[in-house]
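Set out below in structure tokens:
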């Protein structure tokens with residue numbers, strides 16, 4: 001039995017609340033159980049210098065955590081003067097994931113900056129962030145479409161993410177903090193609405209894992225991401 | 001007529017929602033109209049080095065803004081590598097204000113760190129932060145009291161804050177962003193529940209102001225803070 | 001009786017020595033008793049990026065303290081790698097105060113940078129800095145006028161500053177370090193030559209203060225600033 | 001045909017040269033073709049603060065690149081003042097990989113710091129680094145064993161890493177820079193000598209990839225890592 | 001003829017004014033013509049960690065320049081967030097020079113921090129700093145002696161410094177800024193009162209220099225430093 | 001007898017290996033005994049801002065040390081966030097030395113960046129770096145010449161460097177780490193192929209040194225640098 005009493009392939013309660021920000025062109029408050037991430041998509045007319053003149057746009061992401069999003073208060077990164085390796089790793093992952101499903105030339109020479117700020121953390125913040133960021137990005141693009149700034153299929157597909165792990169010898173879906181702390185293997189999967197894989201990150205926390213175990217995690221992830229994509233579709237409809 | 005259509009002495013809709021964080025010992029989501037600040041109070045068993053061995057506790061505050069809390073996305077301070085002068089000025093103000101009404105020896109050799117993170121900004125973030133921080137601090141102290149960590153009147157009084165300004169020649173209370181951008185004078189007042197003044201900050205944005213004008217601002221502030229303290233009392237009851 | 005033996009409304013010996021720098025366009029060594037601040041005004045042909053093309057100039061200020069300006073040696077900010085919150089707060093105050101009395105369009109698209117470096121500290125460094133900075137700024141503008149770079153009333157008024165506080169239950173003017181350490185309330189006032197208020201900062205160090213007390217402080221400040229403005233007039237004549 | 005003319009499952013020429021440093025307790029210069037990484041293992045009697053008193057040791061890793069290791073000179077991280085997100089991501093990966101095969105309690109309360117410095121880069125620097133770091137770590141532990149500082153099976157297994165990718169529609173092993181720049185999918189695998197998986201990182205650079213493609217990459221990696229482990233065995237024998 | 005009209009072996013007007021700081025244990029305002037450096041010596045009961053328990057003291061130095069000490073305003077190092085290479089080079093030189101003539105065991109486990117802040121610059125700031133720092137250091141040690149903190153010959157000798165250069169083909173002493181900008185070779189010498197050499201730094205700015213030229217510079221320096229030591233003796237008598 | 005058993009005027013085994021980098025326009029691995037420095041010269045089409053439009057090029061240098069180049073592992077400068085004063089001092093010295101023998105106008109508006117990275121340290125890293133950097137710079141310029149980017153005598157002369165010191169009362173050449181740690185005086189000399197002096201840095205580590213001693217060091221350096229220049233000539237022929 002999982003500590004969370006969930007079935008091995010059971011997601012936490014997931015909600016995607018749109019238009020939660022008065023200012024941002026697109027926004028989404030995503031909740032995976034007690035993990036709450038505020039995602040805002042901001043349209044910016046500037047573009048990274050190395051992209052200028054290529055007729056393509058860019059999507060980038062930043063990730064942060066409020067100091068008391070966690071059980072123990074963590075030092076504020078703005079105060080310690082730098083972003084941790086973990087923060088940078090996660091925001092690079094979110095950015096790559098979103099770019100995988102955006103038609104950058106259709107965006108024009110503009111940048112969309114997606115901020116994913118963890119208001120409350122209980123495991124799986126990066127996967128919640130990617131899942132919610134897609135909704136914020138979608139709404140930002142629709143905002144632009146309504147102003148004739150873009151046309152065509154700028155968003156090529158959905159993108160969503162979920163964690164899986166081996167806990168107590170069993171492959172389980174969507175680990176919360178307690179389960180994650182106690183898991184042997186921790187893996188994050190990012191997949192498109194049509195089932196293509198965009199990112200796989202698997203790490204043995206204790207014992208190395210086998211190919212068979214990894215195949216089980218992948219199967220769980222596929223099913224979970226399918227359900228997240230359905231929730232995204234409902235959210236934007 | 002004010003842009004906000006409010007009467008000169010009319011506060012925005014103010015709400016103080018308690019216990020919004022799963023982890024923090026005390027927390028409050030404060031809203032002054034469209035200005036939303038999440039305040040968490042974290043109990044920490046460590047104390048600043050220069051206070052050790054004096055049998056007194058400490059209360060400190062940090063302030064932050066999500067990058068898209070504002071109309072234009074601002075650069076994330078964690079990414080630029082330092083907190084702006086404005087951020088530091090505000091967090092020093094919040095800390096001083098809270099310490100003014102805490103009996104530090106009764107706290108014991110512990111620190112309460114109050115984080116005030118602006119989720120959405122529309123003027124008056126520092127005054128909303130102080131007003132909400134008091135509720136978070138109150139709940140943190142009650143959390144400690146329930147565990148026999150403190151006894152007695154640790155919180156000596158209420159503390160709340162409000163901005164006033166001279167807009168279109170008229171002294172007005174609780175300016176929103178639009179009013180603030182267009183005001184001649186901007187002042188922030190921090191007062192206790194019993195009417196004592198803890199902080200006054202008045203700045204002429206355009207023309208210098210007169211003693212009479214300042215007296216009007218102070219009178220407005222006094223009345224507004226009285227109402228905020230009433231709301232705090234209702235929130236914790 | 002004040003520790004300094006001064007009457008409640010008595011300034012320390014104040015001197016304003018002009019042209020103390022071989023290089024700066026304007027300079028003033030200001031002394032408020034044992035508080036000595038070197039103020040230099042430097043004309044720069046560049047302007048902050050966000051001001052370009054608006055036909056207006058800018059005045060900015062920086063503040064620093066030599067490491068052994070104080071009783072205990074403090075760490076050099078250049079060595080610790082950042083300016084403290086206090087330093088930033090003060091230099092923002094000085095800059096705002098000076099801009100309040102400069103006709104920025106008459107300055108043309110140029111910046112005057114005023115550096116206020118505390119050579120020796122004994123309380124009231126920010127108020128001495130503002131008072132001396134006005135003289136340095138005045139001389140810089142006269143330097144420009146002599147070269148036909150500006151014309152007209154670029155300096156709209158005098159600006160000067162003084163601290164007041166409640167010490168031993170009594171409102172007193174121009175606190176030195178010893179008095180300041182022991183005061184219940186500490187307030188800084190910045191006013192123009194014509195008596196307009198530009199900045200008010202009042203902080204309760206111990207007990208909150210009342211409106212009546214604040215009114216006494218304001219009255220003391222008004223009288224003190226009047227005398228400082230007279231000294232500025234003598235200095236530049 | 002691959003640009004490198006290698007067969008799809010063909011490694012570059014790999015060499016592992018031991019004892020290349022006069023000072024380090026263990027060292028290895030690893031070459032994967034034109035990718036050259038100097039790995040040194042340094043024994044340190046100190047331990048991270050959060051590990052103290054637990055009777056366990058620690059293995060950590062740092063990664064760097066000489067500025068002209070690459071085709072275009074890159075800015076020196078020591079001069080830009082921080083390590084890039086990519087650098088931090090890689091050194092966290094190397095550290096995790098090494099810790100997966102070290103019996104930390106057998107190490108005692110000591111830390112081994114492994115530095116992996118890229119002297120010349122041509123793709124696959126992180127996988128070369130992990131493969132060479134194992135040899136340096138091995139020799140450091142033997143150095144300790146010879147001095148009776150450790151006993152028993154401190155190194156539980158081999159660890160090695162390889163990249164795979166989909167290039168021109170074909171799954172290929174050990175991509176060089178040219179192949180990597182042009183690949184649709186890029187994956188890094190870290191596995192033990194006994195075939196357990198420790199890390200999997202797969203990223204779609206262009207189109208998302210399928211489960212079948214990922215299975216092919218994993219099979220290639222398994223075979224390649226087997227050969228790398230054989231080379232490690234020869235190197236230390 | 002030198003631009004300064006001085007004879008080749010003629011020093012600028014040198015003054016050493018003691019006890020210029022209310023707070024510092026020793027202080028000296030040194031002027032070499034228009035180069036003015038404020039030197040303060042601060043006694044600190046702490047010692048660098050690597051010196052603890054060895055029964056020896058330490059002397060260290062820091063160097064800074066006010067932003068408008070120079071003809072063009074320079075960026076404040078506290079604001080740019082780091083000390084330049086030049087600043088660090090100079091403060092290391094001052095520290096080494098002073099330590100050369102201090103009996104560190106006689107100092108006990110204490111540190112004297114000497115701050116050399118350039119109030120106004122006109123060439124030769126590092127040599128003026130060393131020459132004035134000796135006086136501040138002397139007075140700090142006498143302050144300690146008066147309190148029975150030290151005994152014996154803590155200061156083993158005088159130390160002073162001067163610059164020389166080849167200007168217009170001629171070896172000249174004590175270059176001012178104008179001469180320095182136009183010199184072919186720039187050299188700084190640090191020597192003791194008894195004529196021992198402590199530091200030599202010679203740099204060809206344009207053409208390399210010959211052994212003969214260097215010998216001339218050394219001879220000039222020797223004579224100049226002799227006169228500086230005489231001035232130090234007069235200053236402390 | 002020197003610890004290294006070498007004669008007083010005997011260099012360590014010196015080798016200069018060219019073309020050790022696949023990417024750099026010029027490169028040299030220089031060894032002075034166990035001191036190994038990798039020097040790469042990188043051609044860059046950009047130039048420092050303050051040089052633009054003057055028709056001249058620039059040569060700059062950066063210096064680094066691998067963390068375990070030394071007996072004790074040192075903290076990585078990229079990780080500590082800044083270059084030490086020592087690093088900056090050395091890289092400024094290398095840059096000045098190289099510029100002394102380059103005809104900058106002949107280079108055109110381009111920069112050559114020379115990176116000197118210490119792979120293994122055993123004393124004398126800066127002098128080895130300068131000696132090897134000349135070879136890398138030479139090859140970079142020949143690379144440019146072969147592409148008709150430069151013509152004429154861009155390199156005006158050779159430049160090489162050596163350390164000398166007073167060890168056990170005797171003047172000795174080319175100190176290794178052991179000798180350097182135990183020397184009374186440490187001096188570095190940079191000279192051209194035609195015997196001109198470009199840099200002299202002499203420091204008394206213990207007792208001040210005399211003019212006579214310094215003359216002995218200079219004579220040793222002259223002879224040593226002559227032999228280094230011969231080795232450079234052989235290396236490029």
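Residue numbers (the UniProt record's numbering), protein chains in the order written: chain R, 1 to 237; chain V, 1 to 237; chain X, 1 to 237; chain P, 1 to 237; chain C, 1 to 237; chain B, 1 to 237. In this text, a Cβ means the ideal position worked out from N, Cα and C, and glycines have one as well.
Determine, for residue 17(X), whether the minimum Cβ-Cβ distance to residues of chain C falls below 8 Å. no
Mind listing which residues of the stretch 126-158 of chain V have their C-beta closer than 7 Å to chain R's C-betas, in chain order? none
Taking the straight line between their C-alpha atoms, what separation do you get for residue 77(R) and residue 32(B)? 44 Å
Using a Cβ-Cβ cut-off of less than 7 Å, list which residues of the stretch 69-97 of chain C approach chain B; keep chain order. 82, 85, 88, 89, 92 and 96
Can you pull the chain C neighbours of residue 168(B), defined as C-beta to C-beta under 8 Å? Per Cβ cutoff of 8 Å: no residues; residue 168(B) is ~19 Å from chain C at best.
Given this structure, state the Cα-to-Cα distance separating residue 39(B) from residue 146(B), to the nearest angstrom. 21 Å
State whether the stretch 221-233 of chain R contacts the stretch 184-191 of chain R, with contact taken as three or more CB pairs (one from each stretch) at a distance under 8 Å. yes
Could you check the C-alpha separation between residue 49(P) and residue 210(R) for me, to the nearest Å? 34 Å
Can you tell me which of 126(P), 154(P), 221(P) and 122(P) puts its alpha carbon nearest to the alpha carbon of residue 139(P)? 154(P)
Do you know whose CA, among 25(B), 134(B), 179(B) and 124(B), lies nearest residue 233(B)'s CA? 134(B)
C-beta neighbour in chain B for residue 216(C), strict 8 Å: no
List, in chain order, every chain R residue whose beta-carbon is nearer than 9 Å to that of residue 210(P). 195, 196 and 197
Counting C-beta neighbours from all protein chains within 10 Å, is the total for residue 73(B) 16 or more, i.e. buried, or is it exposed? buried
Give me the Cα-Cα distance between residue 122(V) and residue 25(R), rounded to the nearest whole angstrom. 16 Å
Using the Cα positions of residue 129(R) and residue 9(P), report the straight-line distance between them to the nearest angstrom. 37 Å
Are there any heavy atoms of the ligand PLP lying less than 7 Å away from the beta-carbon of residue 19(C), as far as the coordinates show? Of the ligands one can find in the structure shown there are none, so the ligand PLP has no counterpart to examine.
Based on the DSSP secondary-structure assignment, which residues constitute the bridge partners of residue 42(P)? 113(P)
Residue 64(X): contacting residues in chain C (beta-carbon distance under 7 Å): 76 and 78
From residue 98(R) to residue 104(V), what does the alpha carbon distance come to, in whole angstroms? 49 Å
Assuming residue 186(R) contacts residue 206(R) under a Cβ cut-off of 8 Å, what Cβ separation, rounded to an integer in Å, is found between them? Not really, about 10 Å apart at Cβ, beyond 8 Å.
What does residue 34(B) reach in chain P if we use C-beta pairs closer than 7 Å? 22
Measure the beta-carbon distance from residue 127(X) to residue 163(X) and round it to whole angstroms, keeping in mind my assumption that it falls under 8 Å. 5 Å
Does the CB of residue 119(V) have a neighbour CB from chain R at under 8 Å? yes
Using alpha carbons as the reference points, say which of 157(C), 119(C) and 45(C) lies closest to residue 69(C). 119(C)
From residue 23(B) to residue 136(B), what does the alpha carbon distance come to, in whole angstroms? 12 Å
Could you check how far apart the C-beta atoms of residue 160(V) and residue 125(V) are, in whole angstroms? I think they sit under 8 Å. Contact doesn't hold; Cβ gap of about 14 Å is too wide.
Per DSSP, which one or two residues make a beta bridge with residue 18(R)? 28(R)
Could you tell me which residues DSSP pairs with residue 235(B) in its beta bridges? Its beta-bridge partners do not exist; DSSP assigns none.
Against chain V, does residue 247(X) count as a neighbour if the rule is that its beta carbon must be under 8 Å from one of theirs? With chain X represented from 1 up to 237, any question about residue 247(X) goes unanswered, as that position is not in the structure.
Note down, in chain order, every chain C residue with its Cβ under 7 Å from the Cβ of residue 205(X). Neighbours of residue 205(X) on chain C: none; closest Cβ ~23 Å, over 7 Å.
Start and end of the alpha helix (DSSP H) containing residue 125(R)? 125-146
Based on Cα-Cα distance, which residue from 225(X), 115(X) and 220(X) lies nearest to residue 61(X)? 115(X)
Which of helix, strand or coil DSSP assigns to residue 202(V): strand
Using only alpha-carbon positions, find the residue among 171(R), 204(R) and 89(R) that is nearest to residue 1(R). 171(R)
Taking Cβ positions, are residue 208(P) and residue 100(R) nearer each other than 8 Å? yes
Should residue 46(B) be labelled buried (16 or more other beta-carbon atoms within 10 Å of its own) or exposed? exposed
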